[in-house]
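Notes to accompany the following structure.
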Amino acid sequence: MPMKGRFPVRRTLQYLSQGDVVFKSSVKVMTVNYNTAGELSEGARKFVFFNIPQIQYKNPWVQIVLFRNMTPSPFLRFYLDSGEQVLVDVEDKTNKEITEHIKKILGKSKEMLEKEERERKKLSHPATFGPKKYHLRECMCEIEGQVPCPAFVPLPKEMRGKYKAAMKNEA
Numbered sequence: 093m094p095m096k097g098r099f100p101v102r103r104t105l106q107y108l109s110q111g112d113v114v115f116k117s118s119v120k121v122m123t124v125n126y127n128t129a130g131e132l133s134e135g136a137r138k139f140v141f142f143n144i145p146q147i148q149y150k151n152p153w154v155q156i157v158l159f160r161n162m163t164p165s166p167f168l169r170f171y172l173d174s175g176e177q178v179l180v181d182v183e184d185k186t187n188k189e190i191t192e193h194i195k196k197i198l199g200k201s202k203e204m205l206e207k208e209e210r211e212r213k214k215l216s217h218p219a220t221f222g223p224k225k226y227h228l229r230e231c232m233c234e235i236e237g238q239v240p241c242p243a244f245v246p247l248p249k250e251m252r253g254k255y256k257a258a259m260k261n262e263a
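Numbered continuously in the numbering used here, the sequence shown closes out at residue 263.
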């Protein structure tokens, strides 16, 4: 992808994955009301320019709507699945302050993120076997390149113990 346009680094995968705001599952919609001119909206403008792409990347299930030049003071509004609304005033705040604030009030905690990561890694680890409810595979024979399960495909005679013992006795 060519690096053209305004600040093209913010479209790179590395930049997008650096975002640290992962919303709780109850957040469904986020609206950003800000103005394109004036000092009061400077932090909100930078937040939209630099941080919204990261938030979209980390939270694909959240709908994000931007309202420009429709309000005298900038604010964020979050709509939760319970019907509740959370209003955040971002007037005279920097984009970093806004990010930290929404991370604190509506973001998942570090412990929760680590727990989800462990669960995801535990399920995706190829060496675990057991019931499908908890593991990816029920049997070793499901891995490509392994000996097929004798329940479905009979083993070759050379691999059976009875056949080996009979051959040893004959010799």
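Built from N, CA and C at the ideal position, the CB exists for glycine as well.
Non-local beta-carbon contacts of Arg160 in its own chain, meaning distances under 6 Å to residues more than five positions away in sequence, involve Thr128 in chain order. If you keep only unbroken alpha helix (DSSP H) runs of at least 4 residues inside the segment 174 to 223, you get 187 to 198, 202 to 216. In the pairwise beta carbon analysis, the segment 114 to 129 is classified as touching the segment 170 to 180: at least three pairs are separated by under 8 Å. Nearest to Thr220 by C-alpha distance, out of Arg212, Glu230, Glu211, is Glu230.
By the Cβ neighbour-count rule, Pro166 is buried, with 16 or more other Cβ atoms within 10 Å of its own. With respect to the C-alpha of Lys195, the residue from Ile147, Pro242, Ile235 having the closest C-alpha is Ile147. Note on geometry: alpha-carbon atoms of Glu208 and Lys200 lie some 10 Å from one another.
Here DSSP, grouped into helix, strand and coil, assigns Leu158 to strand. Per DSSP, the unbroken beta strand (DSSP E) holding Lys120 starts and ends at 119 to 126. Sixteen is the threshold: since fewer than 16 other Cβ atoms of the shown chains lie within 10 Å of the Cβ of Leu179, the residue is exposed.
Taking every protein chain shown into account, the CB of Gly253 has fewer than 16 other CB atoms within 10 angstroms, so this residue is exposed.
Annotation: the continuous beta strand (DSSP E) that includes Tyr171 extends over 167 to 172. Around the C-beta of Val157, fewer than 16 other C-beta atoms lie within 10 Å, and the residue is accordingly described as exposed. Non-local beta-carbon contacts of Cys233 in its own chain, meaning distances under 7 Å to residues more than five positions away in sequence, involve Val239, Pro240, Cys241 in chain order.
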